[in-house]
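Worksheet: the structure to be examined is printed underneath.
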Amino acid sequence: RRRPPQTDEGWYVLHDFRSIDWDAWRGAPERRRSRAIDEGIDYLTSCEAVADAEAGDSAVFSVLGHKADLLVLHLRPTLADIDTLERRFEHTALAEFTERSDSYLSVTEVSGYMSEEYFDEDSEVEDSGMERYIESRLKPEIPDSEFLSFYPMDKRRGPEDNWYDMPFDERAEHLSSHGEIGKGYAGRVTQIISGSIGLDDFEWGVTLFADDPTDVKELLYEMRFDPSSSRFAEFGRFLSARRFPSEQLGAFLAG
Ligand code: 76R
Numbered sequence: 003r004r005r006p007p008q009t010d011e012g013w014y015v016l017h018d019f020r021s022i023d024w025d026a027w028r029g030a031p032e033r034r035r036s037r038a039i040d041e042g043i044d045y046l047t048s049c050e051a052v053a054d055a056e057a058g059d060s061a062v063f064s065v066l067g068h069k070a071d072l073l074v075l076h077l078r079p080t081l082a083d084i085d086t087l088e089r090r091f092e093h094t095a096l097a098e099f100t101e102r103s104d105s106y107l108s109v110t111e112v113s114g115y116m117s118e119e120y121f122d123e124d125s126e127v128e129d130s131g132m133e134r135y136i137e138s139r140l141k142p143e144i145p146d147s148e149f150l151s152f153y154p155m156d157k158r159r160g161p162e163d164n165w166y167d168m169p170f171d172e173r174a175e176h177l178s179s180h181g182e183i184g185k186g187y188a189g190r191v192t193q194i195i196s197g198s199i200g201l202d203d204f205e206w207g208v209t210l211f212a213d214d215p216t217d218v219k220e221l222l223y224e225m226r227f228d229p230s231s232s233r234f235a236e237f238g239r240f241l242s243a244r245r246f247p248s249e250q251l252g253a254f255l256a257g
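This is the structure:
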């Protein structure tokens, strides 16, 4: 039996996908619609200002395609914080026009593959660059980028290629070459990798941010040829979204 790599967890992450009932929206009287917009903006701006918790971040996105219309992304220190935000949305007049189309729960993590010293209690290494990097992975700020891509994924447990049967060093080597590809996109693509074993249907949630969607496409295509993905990755569904300022909810709904 292999020992799992050590991990540190940070903030919980909820991807909250909602669909708008457009028929109900079009049929609703002006008064109900403007109340929905006002309460929606109140809710979203207070989430973004993190008025409800010690720390965290939130943002709202318009989802492209049929899978959903809205994505509200929340990061918070506790599951109770996330739970409260979910409930509070249901009490807004906006919720009367929406349905839940999907959701994903995960928690930010760093694992011991790249940073064994960090996890070694006896280590004398005090690397403030490393500390800052780990902090930024565990308590990430949602970048301002316009484009977001989200998908859940697993590491393969097949008869030939089983990630979990490989020795630590081999996994670390794969992740190091994976990380090298990622570094080539520094400044163009930012990611939040959050673990979801025991929390949701897949093992990780991948959230990528970029100003140019084709940078994400290029990065993922390059990774597809790297063994960490080509041999060991299984993917769920992909969702694409565009960020918008919560004050523009009215314009979003007006079309
Ligand atoms: O923390 C680090 O930056 C060290 C290197 C690193 C690790 C350990 C790293 C770098 N990743 C790591 C772990 Mn990643 N990552 C993904 C996907 O679509 C696909 O093919 C895969 C989805 C992307 C796009 C991506 C991007 N990574 C992981 C793990 C956990 C494995 C485990 O713990 O067993 C998964 C599931 C995963 C998936 N990765 C990077 C990136 C990018 C852009 C980087 C460079 C990061 C940087 O320099 O900041």
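Using full-length UniProt numbering, the letters of the sequence shown map in sequence onto residues 3 to 257. We treat Cβ as the ideally placed atom computed from N, Cα and C, and that holds for glycine.
State the DSSP-derived secondary structure class of S195, mapped to helix, strand or coil.
-> In the sequence as presented, Ser is not what sits at residue 195; that position holds Ile. Strand, per DSSP.
What residue does the alpha helix (DSSP H) around V52 start on, and which one ends it?
-> It is not in any alpha helix (DSSP H) - V52 carries neither H nor E in the DSSP assignment.
Using a beta-carbon distance below 8 Å, is G257 in contact with chain B?
-> No chain B is present in this structure, which holds just one protein chain.
Buried versus exposed call for R173 [16 or more other C-beta atoms within 10 Å across all chains shown] | buried
When every heavy atom of the ligand 76R is checked, does at least one fall within less than 7 Å of the C-beta of M168?
-> no
Just checking, does the stretch 53-61 make contact with the stretch 106-119 on the three C-beta pairs under 8 Å criterion?
-> no
Can you tell me whether DSSP reads S147 as helix, strand or coil?
-> coil
Should L221 be listed as close to the ligand 76R, given that the test is whether its C-beta is under 7 Å from any heavy atom?
-> yes
Output the boundary residues of the alpha helix (DSSP H) element that contains T216.
-> P215 to R226
CA-to-CA distance, Y115 to D217, given in whole angstroms = 26 Å
Which two residues bound the contiguous beta strand (DSSP E) that contains D59?
-> D59 to V65
Meets three-Cβ-pair contact criterion under 8 Å: the stretch 222-234 and the stretch 151-164 = yes
Which partner residues does T9 have in the DSSP bridge list?
-> S113
With a CB to CB cut of under 7 Å and the five nearest residues on each side skipped, what residues in its chain are close to S21?
-> A70, D71, T100, E101 and S103
Got a sec: does the ligand 76R put a non-hydrogen atom nearer than 7 Å to the Cβ of A235?
-> yes
For G186, name the three-state secondary structure that DSSP assigns.
-> coil
Check whether the Cβ atoms of A51 and L96 sit closer than 8 Å, and answer yes or no.
-> no
Would you say S151 and D213 are within 8 Å of each other, going by their C-beta atoms?
-> no
Can you tell me which of the three DSSP states G29 falls into?
-> helix
H93 by DSSP, collapsed to three states: which one?
-> coil
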